Amino acid sequence: MTKNWKSPKQFVCLFTQKAKILFNEEPAALTPKKVYLVLANLVKDLIYDDWLATEQRYDARQTKQVYYFSIEFLLGRLLDANLMNCGMENMAREGLKELGFDLDAIMPLEADPGLGNGGLGRLAACFIDSLAALQLPGHGCSIRYQYGLFEQHIVDGQQVELPDTWLQDGFPWETKRSDKAVHVRYGGSAYMRPDGKGGLECVHEGYSSVLAIPYDVPVPGYRNHTVNTLRLWQAEYTPDGLFGQGQGGDFRKVLQYRDTTQQISRFLYPDDSTEEGRKLRLMQEYFFVSAGLQSIVRHYRGQHRDLREFDRYVALHINDTHPALLIPELMRILMDEEGMGWEEAWRITVASTSYTNHTIMPEALERWSIPLFQSLLPRVYLIVEELNRRWLAAYRRKFPGREDKAEQVAILWGGQVRMANLAVVGSHSVNGVAELHTKILEESTLHPFYEVYPERFNNKTNGVTHRRWLLESNPPLAALISDTIGTDWIRHPKKLKELLPYRDDPSFQEKLAQVKQDRKDALVRWIQETRGVAVDPHSLFDIQIKRFHMYKRQLLNILHVYSLYLRLLDDPDAVPLPQTFLFGGKAAASYGEAKVVIKLIHTVARLIDQEPRVREKLKVLFLENYNVSLGQRLFPAADVSEQISTASKEASGTGNMKFMMNGAITLGTLDGANVEIHRLVGDENCVIFGLRAEEVQKYYREGGYSSWDLYRQDEEIRRVLDVFQKNPLFSQLYEDLLRRNDEYFVLKDFAAYREAHQEILRRYQDRPGWLRASAVNIAQSGHFSSDRTVSQYARDIWKVKPIRV
């Protein structure tokens, strides 16, 4: 970076100056939180010159730029990452030491930004990290949530949601850009009228407008002077938002408008079980799409004269269906504000836009009721309606007599607006995020579209940034790798394969084992200090951390643990070695079944803790409020990576990659990216069990599965499930598994899962073999770096090239 600290002495001088500017205090008087804020602002100063230089370089070169639209960016703490990217961590550590502070004690004081929840948001964060690391001109676009999703607490074994006040001390990494604010319109009425030139023009009147204020966050590349931008939009109330449209005079309407405006950027994923919640979600999705596009077009206008060349210079990417309104909104801007005709605007829109699908789950393929959509976004609805008319006419010409298929591909049907269909029709590229997922999209979920546009479909298997999830999260392992094969792997993660010749080396295995034990010891100390719970650091650490959903099958995991508990009651030697089962993750506030599973985990944990015959062999612990920072503690400490989703349901998974990168062994189904992990490491270095995707799909199509039959035939299943009959708290799970026939095949896979765990224990007792498998997983994990994934997007979809700054 441009203004690096040349010495600890210079750092101390700059730190002292910044402390006086920010707080009018000498360093010795600062609280630890103030020390963090001073240091963060110093690091931001380091980045600023390169941030400006990057923007100027892109503009001077008139290079094509990528804008990655995602409803969430799960960033994690930025101080450590930015110090690492600047190459200033050691200097900061030494300088703070001279001032009497410990950097390792300061970094945990940073709040995790409440800008995301699960894998979707963490993937987006990894992608913008890789864009900058690869010196690719690409930026993120999202919402500046005041409270994020929620802060999870556990009270009497049950999840309780509290506001995530992550902004209470400010966010030092952001810069407010009030001069770049735009207005976003909602409501009113829209209609077409003759324009006096033989054509039509749109009239949109009586609308309310919301002021969108951008907050920019720098995204520095790894020691390369490139600094891209994550732009976060905040909704603000303006007094003329209603009065300017002739709707003033009713103070109640003004107050309602103000309250609604403030809600838009307050929470991530409002509860969509109510009409008001659904309306707010739709407002959010249009808000950041409209604001982002207006900003992009305005910037383009300042750099290029001819908007007909927009797609040559701009690539717009839709991360899942949440930003799919980008398509009609770009059409609106090009036609209503830039005067283009439909055909020209449509060509530019499709050529500019690409879409990543992240799920085959029907409930995740968003749909909005037409009355809600039309009343909230009347002009956008007119465009979607015309697009649907033209698309269906073209489809029927190509496939006459296939009205059943026309229904499947329609954007408007059955009183609903189908966002996935809109995203596919309006994009030049549609990709899945693992080979299996893309195959299912092409052959099943989106097959009618694949018949029309086979050239649009492609696969881009997900990746995670190894800088965050290995270099930053696990410094001892990173140091061992560098001592063994050199440091080139940091910039070229595929070079991790150079570890393969050392997989059987006793000296390397011994060092690898020590690194893992050190990480487990550190986690155990942290759990003791923060939770007051003792954990055996020499037990096998089996970890499942991810968003709670029935298809991810945390239920299968805890039912198996309960079966071990019952076995140990009968025979204290039934389990050969101590095991610690760690869970983490949030259930959506309105997702009752997932919350019951969390309660079940705590119930089983309490049973185990109260039973002397069991607790020496088993430990179950749920770590509340799972986030990136907690993940950075857990991934390095894991022995076993639980990746047990119902085959065909998990699009990819990225936790599996983070565990693999840190030497854990995958215990999983052949689902998502597990398929590719298995192919790379082989049967001897992971444990695969359960139904295959084609078997699951066949059961869904043809039936033939009875969970009651399994209940009657398998004594262990029957014994485990009978507890549900005795406890009304878990009656919902009993209903799901037996009366609703076990939609996610928990019982069908139970016996295979039990055998897989027995295989894990057998292998774990063979220490050289286990360490060999761990080394192989680390060596092959370079394939799952997001640098590889983003390079493929850049080459195959976005058509952008690196720009040196």
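Positions 1 to 805 (full-length UniProt numbering) are the ones given, in order, by the sequence shown.
By construction, the Cβ of each residue, glycine as well, lies at the ideal position given by its N, Cα and C atoms.
Quick caveat: nothing in here was measured; it's all calculated off a predicted structure.
A contact between stretches requires three or more CB pairs, one per stretch, nearer than 8 Å, and the segment 756-763 fails this requirement with the segment 410-429. In chain order, Leu412 place their CB closer than 7 Å to the CB of Glu385, counting only its own chain and leaving out the 5 sequence neighbours on each side.
Looking from the CA of Arg692, the closest CA among Asn656, Trp708, Ile644 belongs to Ile644. Here DSSP, grouped into helix, strand and coil, assigns Ala410 to coil. In the three-state DSSP reduction, Val219 falls in the strand class (E or B). For Gln643, the secondary structure class from DSSP, reduced to helix, strand or coil, is strand.
With respect to Tyr753, His549 sits apart: the two C-beta atoms are not nearer than 9 Å.
Excluding the 5 residues flanking it on each side, Gln544 has same chain C-beta neighbours closer than 7 Å at Gln554, Asn557, Phe583, Glu642, in chain order. Per DSSP, Gly769 is one residue of the alpha helix (DSSP H) stretching across 767-780.
In the three-state reduction of the DSSP assignment, Gly668 falls in the strand class. Taking one beta carbon from each stretch, the segment 70-84 and the segment 122-137 have 3 or more pairs nearer than 8 Å; the two touch.
Using a C-beta cut-off of 8 Å, the segment 309-316 makes contact with the segment 49-68, since at least three inter-stretch Cβ pairs fall below that distance.
Shown here for Tyr191: same chain residues with a beta carbon closer than 6 Å to its own, the five before and five after excluded, namely Val203 in chain order.
Annotation: Asn674 to Ser652 spans about 8 Å, alpha carbon to alpha carbon. Per DSSP, reduced to three states, the secondary structure at Leu387 is helical. With fewer than 16 other Cβ atoms inside 10 Å of its own Cβ, Gly401 counts as exposed. Counting of Cβ neighbours within 10 angstroms places Val155 among the exposed residues, the total staying below 16. Under the three-state reduction of DSSP output, Ile360 falls in the coil class, being neither helix nor strand. Note: Gln152 is bridge-paired with Glu161 in the DSSP secondary-structure output.
Within its own chain, the residues whose Cβ lies closer than 8 Å to the Cβ of Ala664, once the five positions on either side in sequence are excluded, are Ile543, Phe635, Ala638, Asp639, Val640, Ser641, Ser774, Asn777, listed in chain order.
Residue state for Gln303 is assigned as helix, using DSSP reduced to three classes.
Met660: member of the alpha helix (DSSP H) spanning 655-661, first to last residue.
In this structure, Val575 places its C-beta atom within 9 Å of the C-beta atom of Lys617. In the structure shown, Asp129 adopts helical secondary structure according to DSSP, grouped into three states. Boundaries for Lys748: no beta strand (DSSP E) harbours it, and the DSSP string shows neither H nor E there. Rounded to whole angstroms, the separation of the alpha carbons of Leu325 and Pro476 is 45 Å.
Nearest Cα to Gly118 within the set Val452, Ala587, Ser354, Phe750: Ala587. Per DSSP, reduced to three states, the secondary structure at Phe373 is helical. Runs of the beta strand (DSSP E) spanning 3 or more residues and lying entirely within the segment 527-565 occur at 540-545, in chain order. In terms of CA proximity to Leu334, Leu293 leads the group Ile481, Leu293, Phe15.
Membership of Met192 in the beta strand (DSSP E) is indicated by the continuous run 189-194. For Val43, the enclosing alpha helix (DSSP H) has its first and last residue at 32-61. Asp320 and Arg308 have their alpha carbons spaced roughly 27 Å apart. Judged by DSSP secondary structure, Ala587 falls outside any alpha helix (DSSP H); it is assigned neither H nor E.
For Ala351, the closest alpha carbon among the candidates Met340, Ser429, Leu441 is that of Ser429.
Excluding residues up to 5 positions away in sequence, Val535, Pro537 lie with their Cβ nearer than 7 Å to the Cβ of Val524 in the same chain.
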